[in-house]
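The structure appears below as structure tokens.
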Amino acid sequence: MLSRLERLAGPPAAAFLGGSVAPQRPARRRGVVATGDAAPPYVHEALLQVDNVSLEYRTPERVVRATHRVSFDVHAADRFVLLGPSGCGKSTLLKAVAGFIPPVEGEIRLDGRRVSQPGPDRIVVFQEFDQLPPWKTVKQNVMFPLLASRTLGRKEAAERALHYLDKVGLSKFADVHPHQLSGGMKQRVAIARALAMQPRVLLMDEPFAALDALTRRRMQQELLELWDEVRFTLLFVTHSIEEALVVGNRVALLSPHPGRMRAELNSHGYSLDSLGGADFQATARRIHDMLFEEEQGTP
Ligand SMILES: Nc1ncnc2c1ncn2[C@@H]1O[C@H](COP(=O)(O)OP(=O)(O)OP(=O)(O)O)[C@@H](O)[C@H]1O
Ligand SMILES: [Mg+2]
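Encoded structure:
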């Protein structure tokens, strides 16, 4: 079996596919299968399609446009990162993919079907440590969505919960309550709970942002190792350039409020080992400059 590093190495790192075009269509790199010299390539539909999506909040006083005609495709086993400054609509986009906010324009499709409500095929892990009901043990927390959605019976749910708790290194903590855990451990439980549902897409909204720097790095590493083992499809939100490059294999850069697609780049050549390297630094700088340019243009 190839190591993660070998698999992550590959085609030219960080190739910007475009500049300031909005909306921007990512290239369909995956899923393009050559079917012979004469036949045109057959293009699979992406697992998740965000197609020209505008999202708004309506308050009695005003309408706030959070994103404007955002488009991107997420393919199976992608680690797709939405990166952008505070307020550019990352969380709103994630909530829309989760089915909590309907687009005012455009469409979100999962497996070709329009997303119109929340479902067990899309599970969100949030930033906050208090996303676990405190009165349930760790195992009960992981079992809960499996039981509530009637995905599994009690015995199977317990088995699956223990399986995923083992994957995040928390088997020994199955019977303790969340208040007995550190912030990082609580996030591991939240990840185990989400993965136990075996969602089509795992949605993560700045899941490590409230952790100290060392724990955050360890969690990024663990997430990548988990992905290596389970190969889930990830849509991950962050405003950390470094985190985006480390966690993602593809990164979408969003401009400030309202969020528009600014650019998309391949980041699968980077890992935690790349931190500090010249190529990594140059790409991070380039992204930073793009964000900075946008900020300067914002009143
Ligand atoms: N419930 C709400 N009602 C009205 N406006 C909202 C609401 N939630 C968010 N907004 C606005 O929508 C825009 C996008 O917000 P969102 O939370 O998606 O940004 P974000 O990119 O996730 O930011 P951050 O990095 O700070 O989490 C912001 O201008 C915000 O003020
Ligand atoms: Mg947010």
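The opening position of the sequence shown corresponds to residue 1 in full-length UniProt numbering, with each subsequent residue numbered one higher.
Glycine residues also receive a C-beta, built at the ideal position from the N, C-alpha and C atoms.
Status (buried if at least 16 other CB within 10 Å, exposed otherwise) for residue i
| i | result |
| --- | --- |
| Glu-242 | buried |
| Thr-233 | buried |
| His-288 | exposed |
| Lys-155 | exposed |
| Val-32 | Its pLDDT being 39, under 50, Val-32 is placed unreliably in this model, and the value from its coordinates should be taken loosely. By the neighbour-count rule (16 or more Cβ atoms within 10 Å), Val-32 is not buried but exposed. |
| Glu-229 | exposed |
| Ala-39 | At Ala-39, the pLDDT of 49 sits below 50, so the modelled position is not reliable; the number obtained from the coordinates is stated separately. Classification of Ala-39: exposed, given that the 10 Å Cβ count is below 16. |
| Val-63 | exposed |
| Leu-254 | buried |
| Gln-117 | exposed |
| Gln-59 | The displayed chain sequence assigns Thr, not Gln, to residue 59. That one is exposed. |
| Ser-182 | exposed |
| Tyr-164 | buried |
| Glu-264 | buried |
| Gln-220 | buried |
| Pro-134 | exposed |
| Ala-282 | exposed |
| Val-231 | Residue identity check: residue 231 is Arg in the sequence provided, not Val. When all chains shown are included, Arg-231 counts as exposed. |
| Asp-273 | exposed |
For residue i, three-class secondary structure by DSSP
| i | result |
| --- | --- |
| Ala-210 | coil |
| Ser-149 | coil |
| residue 300 | Nothing can be reported for residue 300: it is not among the residues displayed for the chain, which extend from 1 to 299. |
| Leu-223 | helix |
| Arg-250 | strand |
| Glu-264 | strand |
| Ile-123 | strand |
| Phe-232 | coil |
| Asp-205 | strand |
| Asp-51 | strand |
| Thr-238 | strand |
| Ile-101 | coil |
| Glu-293 | helix |
| Arg-200 | coil |
| Leu-110 | strand |
| Gly-36 | Residue placement at Gly-36 cannot be trusted, given a pLDDT of 41 that sits under 50; what the coordinates show is reported in the next sentence. Correct three-state label for Gly-36: coil. |
Element boundaries [alpha helix (DSSP H), containing residue i]
| i | result |
| --- | --- |
| Ile-241 | 241 to 247 |
| Gly-184 | 183 to 196 |
| Leu-93 | 90 to 98 |
First through last residue of the beta strand (DSSP E) which encompasses residue i
| i | result |
| --- | --- |
| His-163 | No beta strand (DSSP E) contains His-163, which is instead part of the alpha helix (DSSP H) from 154 to 167. |
| residue 305 | Missing from the structure shown is residue 305; the chain here goes from 1 to 299 and no further. |
| Ser-71 | 63 to 74 |
| Phe-80 | 79 to 83 |
Residues passing the C-beta test against ligand 2 heavy atoms, cut-off 7 Å: Lys-90, Ser-91, Asp-205, Glu-206, Val-237
Cβ contact (3+ pairs, closer than 8 Å) linking the stretch 111 to 123 and the stretch 269 to 286: no
Three CB pairs or more closer than 8 Å across the stretch 174 to 184 and the stretch 198 to 207: no
Inter-stretch contact (C-beta, 8 Å, three-pair minimum) for the stretch 90 to 109 and the stretch 141 to 151: no
Contact the stretch 95 to 104 vs the stretch 118 to 130: 3+ CB pairs below 8 Å: yes
contact_flag[the stretch 58 to 76, the stretch 126 to 145] where n(CB pairs < 8 Å) is 3 or more: no
Segment contact flag, the stretch 74 to 88 with the stretch 245 to 262, C-beta cutoff 8 Å, min 3 pairs: yes
The stretch 205 to 213 contacting the stretch 45 to 52, beta-carbon criterion three pairs below 8 Å: no
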